[in-house]
Each structure stands twice: as C-alpha cells, then as structure tokens.
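Before any comments, here is the structure.
Protein chains: 2
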Amino acid sequence: MNKKQGKQSIIFGAPPIITSTANIVGPMEGEGLLAGYFDQVMADNLNNQDSWEKCESYMLEWAIRKAVAKENSTIDTVDYVLAGDLLNQLMATHFALRSLGRPFLGLYGACSTLAEGMLLGAVLLDGGFANKVAVAVSSHHDTAERQYRFPTELGVQRPPISQWTVTGAAAVVLAYGGSGPRVTAATIGKIIDMGIKDPNAMGPAMAPAAVDTLWQHIQDTGRQPAYYDLIVTGDLGVVGKTLVIQLMQEKGLDISQNYEDCGCMIYREDQDAHAGASGCASSGVVFTGYLYQMLQARKLQKILVIGTGSLHSPISYQQKESIPCIAHAVAVEI
Amino acid sequence: MNKKQGKQSIIFGAPPIITSTANIVGPMEGEGLLAGYFDQVMADNLNNQDSWEKCESYMLEWAIRKAVAKENSTIDTVDYVLAGDLLNQLMATHFALRSLGRPFLGLYGACSTLAEGMLLGAVLLDGGFANKVAVAVSSHHDTAERQYRFPTELGVQRPPISQWTVTGAAAVVLAYGGSGPRVTAATIGKIIDMGIKDPNAMGPAMAPAAVDTLWQHIQDTGRQPAYYDLIVTGDLGVVGKTLVIQLMQEKGLDISQNYEDCGCMIYREDQDAHAGASGCASSGVVFTGYLYQMLQARKLQKILVIGTGSLHSPISYQQKESIPCIAHAVAVEI
C-alpha cells in the first residue's frame with residue numbers, strides 16, 4: 003500500500019495514537035500564559051545541576067520518563083526513542099539517552115525537531131517496525147544564548163525582533179492501543195532560504211518555509227485550511243506569524259481565523275520576551291501541554307502542527323551566509 | 003505485519019534495493035589504499051570554494067547528484083533526502099540541501115549517520131511511505147579539526163591513538179525496481195559510555211557500542227557472525243578494531259576472519275594517519291565505493307555495516323564528561 007500522498011506528504015494507513023505526553027519548563031515559562039499546562043516548573047534554570055547543559059539534559063530525560071509514567075508504563079516498553087535539541091552534537095539529548103538506555107535515533111531539525119520526530123515515529127509504527135516510540139526535544143535559554151549569540155555574562159541588549167529561547171523539554175509517546183489523538187498525516191518540508199542574514203530575525207526567516215509546507219500540505223492532501231480547527235506553527239513569533247498570514251493571503255487563502263503560533267502563546271507581553279518564544283521546546287511544550295489537553299477534551303478535534311526550524315549555525319553566520327529554514331507538518335486528530 | 007525482530011532489530015518485508023551509490027574524496031584519500039574506488043578525487047581540500055565548510059557542502063551535494071545521475075535519473079525523482087554531517091547544526095548538509103531543493107530530514111549520529119540514514123530510508127520504503135530515498139553524509143578533515151580540536155593554524159602534534167577525519171562525502175540511493183544489493187535487516191543501537199574521556203581515543207570509546215549492537219543483532223536475528231561474508235565497523239581505527247575482536251572473543255565468538263574496520267581500510271600506513279580514519283565519510287566512502295562494488299561483483303554477498311558514532315561535543319569535553327557512543331547496524335545482501 004502506497005501511503006505517500008502527492009509530492010511531500012504521507013497519509014498514515016492506521017494512524018498511530020499519541021498515548022501520552024509530558025513537559026517540564028523553567029520559571030519564566032511557568033509564569034507565562036500557559037502556566038496551568040505544564041507537568042513541572044523548575045525553580046530556576048539550573049535546577050541543582052552543575053551546568054545549564056546538564057539541566058537541559060535532565061529536563062529531556064525527565065520528560066521522557068514522565069510521559070511513560072503517565073501511561074502507567076515503564077521505559078523498557080519503549081522500542082525506540084527519537085530525539086534532538088539545539089546544542090552542538092545534540093549534547094542534551096545524548097547525555098539524557100545515556101541514562102535511559104533505550105535504542106535511539108538522533109535527529110537535527112532545529113526547532114522543527116518535534117514534528118520531524120513525530121512523523122518518523124508514526125512512520126516506524128504505521129510501517130510495522132515498532133510497537134511504541136517516544137519522541138522528545140529540549141531547549142534551554144542559557145545554553146542556546148551562549149552557543150548561538152553572546153557569552154551570557156556580556157548582558158547584550160536584544161533587538162525587538164529577537165525571540166526568547168524556551169527553557170523546557172517535551173516528550174510524546176506514540177503507540178497502538180488505548181485511546182487518544184492520532185497522527186493522521188504528515189508533510190516533509192524542503193529547505194527554504196529567502197536571503198535573510200540576521201540571526202535575530204529567525205521568525206521572518208522561517209515564515210516562508212512554514213508557508214511552503216502548509217501550501218504543499220493543502221495540495222498533497224486536498225485538506226483546505228478550514229479542515230483544521232487550528233493550524234499552529236512552531237516558533238515564528240509575532241513578526242513571523244503576521245508574515246505567514248500575509249503570504250497565505252497572497253495565495254488566496256485566509257487563515258487568520260484558525261492559525262496561531264506557539265511562539266506567541268507562551269510568554270505574557272510584560273515578560274520582556276520581545277517577539278515571542280523560540281527553541282525546540284516552544285512547539286514542544288505548547289503541543290504536549292495546552293494543545294494535547296484541548297484535543298483530549300475535544301475542544302480541538304483536528305490540528306496541524308507545523309514545526310519550524312532555523313538551520314543556521316554561528317559559523318554560517320560568521321561566513322556571511324543567509325539562514326536556511328525548514329518546516330515539517332504533522333496532522334493530529336481525535 | 004510486525005517487522006520488529008527481537009529487542010532492537012528490524013527485518014524488512016520487501017528489502018529495498020540500493021540502486022546507486024556515489025562518493026567524492028580529498029587528495030589524501032585519493033592517494034590511499036582505495037584509490038580506484040572513488041568517483042571523484044579533489045585536487046585539494048578547498049576545491050575552489052571560499053571555505054572548508056563550503057567545500058564540505060559542495061561534496062555532499064555532488065555525491066547526491068552523482069548517485070542519482072549514475073542510475074540515469076534526475077534529482078526530482080528522489081522523494082526524500084536523509085542526511086547529516088559532523089558540523090554544528092549540520093552546516094554542510096543544510097547548505098547542500100538548500101541547493102538540491104528536495105524534501106529533507108536531518109539526522110545526527112556522528113559517524114553512525116550513514117547507517118542511521120540507510121535504516122530509516124529502508125523503513126520509509128518498506129513501509130510504503132516513499133518510492134525513492136537518497137541518504138548522504140559528509141566529513142572534512144579541516145572543518146572537523148577546527149571544530150572539535152584545535153585551530154588548524156596551531157599545528158598541534160597528534161597522539162598516536164588519534165584518527166584522521168576523512169575528507170569526503172558519500173550518497174546512497176534506495177528504491178524498488180532495478181537490481182542491486184538489498185537492505186535486509188537493521189539493528190538500532192543504544193548509547194554506550196564506558197567512561198573514556200580522551201576525545202583522541204574515539205576508537206576505543208566506540209568499540210563497546212559496536213560490540214553491543216553486533217551482539218544484539220545476533221540475538222535478535224539469529225544470524226551468527228559467520229552468516230556474513232564481512233562485518234565492517236565504521237571508524238574504530240586500529241586500536242578500536244582490536245578491542246572489538248577481543249570483546250567478541252570474551253563473548254565466545256571469533257570474528258577475526260570476517261571482520262574489518264572502514265577506518266583501517268582508507269589510508270596507507272606511510273600516510274601518517276596514525277590509528278586510522280574517522281568521520282561520517284569513513285564508512286561512507288568505503289561502503290559506497292569498495293564494498294558496493296564488491297557486492298555488485300558478487301565477491302561479497304552478505305555484509306553487515308555497523309556505523310559507529312562518538313557523540314561527544316567540545317563542550318561536553320570541557321565539562322569533563324566521558325564520551326557517549328552509539329552504533330547502528332545495517333545488513334546488505336545480494
């Protein structure tokens with residue numbers, strides 16, 4: 003049976019069930035708009051660890067173990083873990099997985115990693131290659147800041163267009179059996195680069211990639227935007243979100259009524275996050291918390307999660323390259 | 003149909019065919035033991051590019067285009083590209099894929115990335131999610147050296163246990179139809195860390211991960227080592243290779259007659275590479291060149307390729323962490 007649909011999409015034959023999710027965040031996220039939707043809020047960004055990197059690794063491991071515990075299961079029932087983060091050589095992920103001791107596939111899609119992992123996890127299940135898969139991502143404001151931008155000690159002033167990396171981790175368990183929202187379709191993105199070179203302008207850089215994938219999803223599946231109760235992008239922030247609405251309008255489609263961006267859903271305006279949230283954990287904690295609970299409560303029944311990734315590196319920026327971006331879409335329905 | 007076998011393995015229902023492979027290397031690799039098995043040897047490590055990073059990106063794109071051209075096809079027939087490299091944020095891969103314009107999934111498994119990509123590519127094909135997939139990896143001596151170790155200008159003396167990162171890229175096309183070697187089985191590895199902290203000792207650090215995956219492959223599939231004409235690991239080098247033979251001997255299995263390491267197959271002894279080759283391109287150029295040609299000529303009929311990855315980062319080393327390692331195995335038969 004050919005489950006490929008159109009040019010870049012997949013329609014799952016027996017849509018895998020998201021049996022459980024979990025998340026953990028830092029104090030700033032815990033004081034934000036989604037305060038009631040997190041499993042754990044850390045008291046500070048270090049959480050008794052030796053370094054921010056170790057704290058990020060701790061969060062990732064915690065989220066996976068919590069997601070498995072929430073479905074009254076044990077970690078050894080997970081066939082494979084698919085995970086990734088923003089750090090060089092996926093440092094947070096690798097040290098978390100060392101402790102977990104489960105078979106593991108490392109992914110890098112920057113902030114699109116949760117969507118990439120969920121679609122590959124669903125592929126493993128629907129293809130008969132696994133019975134249960136865990137997908138997890140993390141990001142940490144302080145590890146990202148010193149890796150991508152400036153030494154944190156400098157206290158550099160951030161431009162208004164910049165976004166704030168979410169400190170948090172999120173995990174999703176995919177399986178058959180039980181009830182819950184299902185992964186019904188996915189669209190795998192292409193790299194889109196419109197020439198933006200300012201690494202502070204990640205939202206505007208990623209917006210065309212989100213639009214490219216959303217447009218292709220519509221072409222491939224025949225599902226119009228109105229098919230979904232909600233379309234969410236990962237972390238475009240205020241500027242990127244506005245751009246997506248405009249770019250879709252230019253294609254003759256109005257998504258202003260059922261489109262939101264996870265980057266705009268996490269922080270209150272007075273939290274000084276500027277253009278919004280970013281990081282793998284941006285779509286991660288919104289999906290595993292607020293959105294998953296809305297799906298379970300049937301307040302949302304069909305959503306399209308478009309993970310968006312800014313794939314630049316500090317070296318590519320120093321070499322004066324523009325920012326390659328990608329977006330992967332995953333349809334979740336109950 | 004459940005294609006999961008044992009704890010960590012997959013037996014493919016309709017094993018996907020490796021319809022084409024291609025590779026490109028630097029001058030040092032071109033003067034080595036496998037000189038006759040490369041599609042292209044660059045005159046120098048820059049190849050008229052502005053930077054070593056751009057040269058690495060050039061190689062990756064070249065290898066994918068060449069692999070597709072060798073099967074008399076065009077790049078738009080490739081449904082998805084799965085690729086990765088050693089650079090922070092997969093810089094070489096992302097800029098290559100920007101030019102290629104194909105749907106893309108980014109992987110990070112350090113030097114195990116080719117095996118990870120081949121097994122996920124086979125999963126996409128065997129599960130009915132794709133008709134043709136390209137898998138590609140790259141590494142570059144000079145980009146790796148300045149990222150992982152010292153500024154290249156320093157001219158630091160290398161210890162005898164250290165390995166030399168291969169400058170090269172390799173691509174594999176997986177599809178149905180046509181003839182060629184098939185991916186029949188795979189084993190997904192766990193992270194193994196025996197406490198080695200010296201980033202020059204990657205071979206010894208990775209050896210236990212290779213043994214863990216090989217042992218699990220035997221348990222899961224019932225295929226004894228003698229089932230394979232050749233078992234190859236990715237880039238353990240002389241010291242790691244000896245360790246693998248010893249560790250398997252301790253488990254009561256003699257693999258000394260049909261086991262080799264790609265890291266020991268690339269450079270001549272007088273090329274000053276010390277303990278051998280490393281990098282994503284180590285198993286990459288050996289598999290896509292020498293091994294693929296041996297399979298096509300039926301001089302080898304059943305091989306097990308164990309991609310081995312050292313998952314440390316410069317930051318984890320500076321934070322005095324030991325080296326987490328992984329190995330994924332892919333069985334290729336004709």
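Here the protein sequences line up with chains A and F, keeping their order.
Okay, so the first sequence: first residue is 3 according to the working numbering, each after it adds one.
Okay, so the second sequence: first residue is 3 according to the working numbering, each after it adds one.
We put the CB at the ideal spot given by N, CA and C, even for glycine.
Contact set between the segment 131–144 of chain F and chain A, restricted to residues whose Cβ is under 9 angstroms from the partner: For the segment 131–144 of chain F, which is checked against every Cβ of chain A, the residues closer than 9 angstroms are Phe131, Ala132 and Asn133.
Simplified DSSP state of Val246 of chain A, which is helix, strand or coil: It is helical.
Beta-carbon proximity check, Gly47 of chain F vs Gly28 of chain F, cutoff 7 angstroms: Here the sequence assigns Asn to residue 47 of chain F, which means Gly is not the residue at that position. In contact: Asn47 of chain F and Gly28 of chain F (Cβ atoms closer than 7 angstroms).
Proximity below 7 angstroms, CB of Ile336 of chain A to CB of Leu297 of chain A: Judged by beta-carbon spacing, Leu297 of chain A lies within the 7 angstroms limit of Ile336 of chain A, meaning their Cβ atoms are closer than that value.
Nearest-angstrom Cβ-Cβ length linking Gly265 of chain A and Leu232 of chain A, presumed shorter than 8 angstroms: Not really, about 15 angstroms apart at Cβ, beyond 8 angstroms.
Nearest-angstrom Cβ-Cβ length linking Ile190 of chain A and Gln10 of chain A, presumed shorter than 8 angstroms: Taking the Cβ atoms as the reference, Ile190 of chain A lies roughly 5 angstroms from Gln10 of chain A, within the contact range of under 8 angstroms.
Three-way DSSP call (helix, strand, coil) for Arg67 of chain A in this model: Here Arg67 of chain A carries a helix assignment [DSSP, helix/strand/coil].
Beta-carbon gap between Met196 of chain F and Ser312 of chain F smaller than 7 angstroms: For Met196 of chain F and Ser312 of chain F, no; Cβs fall outside 7 angstroms.
Under the three-state DSSP convention, the category Gln295 of chain A falls into: Gln295 of chain A sits in a helix when the DSSP states are folded into three classes.
Gln273 of chain A versus Glu323 of chain F: straight-line alpha-carbon distance, rounded: Cα to Cα, the separation comes out at about 35 angstroms.
Proximity below 7 angstroms, CB of Ile19 of chain A to CB of Arg148 of chain A: No; because the gap between Cβ atoms is not below 7 angstroms, this pair is not in contact.
Proximal residues of chain A, C-beta to C-beta of Pro18 of chain F below 9 angstroms: Those within 9 angstroms of Pro18 of chain F in chain A number zero; the least Cβ separation is about 12 angstroms.
Reduced DSSP secondary structure (H/G/I, E/B, other) of Thr76 of chain F: Thr76 of chain F: coil per DSSP, three-state reduction.
Residues bridged to Leu84 of chain A [DSSP beta-bridge criterion]: Paired residue(s): A:Leu107 and A:Val137.
CA-to-CA distance, Thr145 of chain A to Pro316 of chain A, given in whole angstroms: Taking the straight line joining both Cα atoms gives about 14 angstroms.
Secondary structure of Val213 of chain F, DSSP reduced to three states: Residue state, collapsed to three classes: helix.
Cβ-based neighbour list, Met61 of chain A, same chain, cut-off 6 angstroms, excluding 5 preceding and 5 following: Once the five neighbours on either side are set aside, the close Cβ partners of Met61 of chain A are Ile26, Ser140 and Ala171.
Same chain, Cβ closer than 6 angstroms to Ala275 of chain F, neighbours up to 5 away in sequence not counted: Trp166 and Tyr269, listed in sequence order.
Any non-hydrogen atom of the ligand GTP within 6 angstroms of Ser280 of chain A CB: Of ligands this structure carries none, so the ligand GTP is not represented either.
Asp41 of chain A - DSSP class collapsed to helix/strand/coil: Coil.
Three CB pairs or more closer than 8 angstroms across the segment 148–159 of chain F and the segment 295–309 of chain F: Look at the beta carbons and you see the segment 148–159 of chain F not touching the segment 295–309 of chain F: under three pairs across the two are nearer than 8 angstroms.
Beta-carbon gap between Leu116 of chain A and Leu84 of chain A smaller than 7 angstroms: The answer is no: Cβ separation not under 7 angstroms.
Any beta strand (DSSP E) of 3 or more consecutive residues that is wholly inside the segment 107–190 of chain A: List check, beta strand (DSSP E) in window: 134–141, 170–177 and 184–189.
Beta-carbon neighbours of Val125 of chain A, restricted to chain F and to distances below 7 angstroms: Residues of chain F passing the Cβ test: Val125, Leu126, Gly129 and Phe131.
Partners in chain A for Phe97 of chain F, counting only beta-carbon separations shorter than 8 angstroms: Close partners of Phe97 of chain F in chain A (Cβ separation under 8 angstroms): Ser318, Glu323 and Pro326.
For Gly86 of chain F and Gly103 of chain F, believed in contact at Cβ under 8 angstroms, the rounded distance: In fact, because the Cβ distance is near 18 angstroms, the residues do not count as touching under 8 angstroms.
In DSSP terms, what Val27 of chain F is bridged to: Val27 of chain F has F:Val43 and F:Gly170 as its beta-bridge partners, per DSSP.
Within 7 angstroms, strictly: CB atoms of Ala383 of chain A and Ala24 of chain A: With chain A represented from 3 up to 336, any question about residue 383 of chain A goes unanswered, as that position is not in the structure.
Continuous beta strand (DSSP E) stretch holding Thr235 of chain F: start and end: Leu232 to Thr235 is the extent of the beta strand (DSSP E) around Thr235 of chain F.
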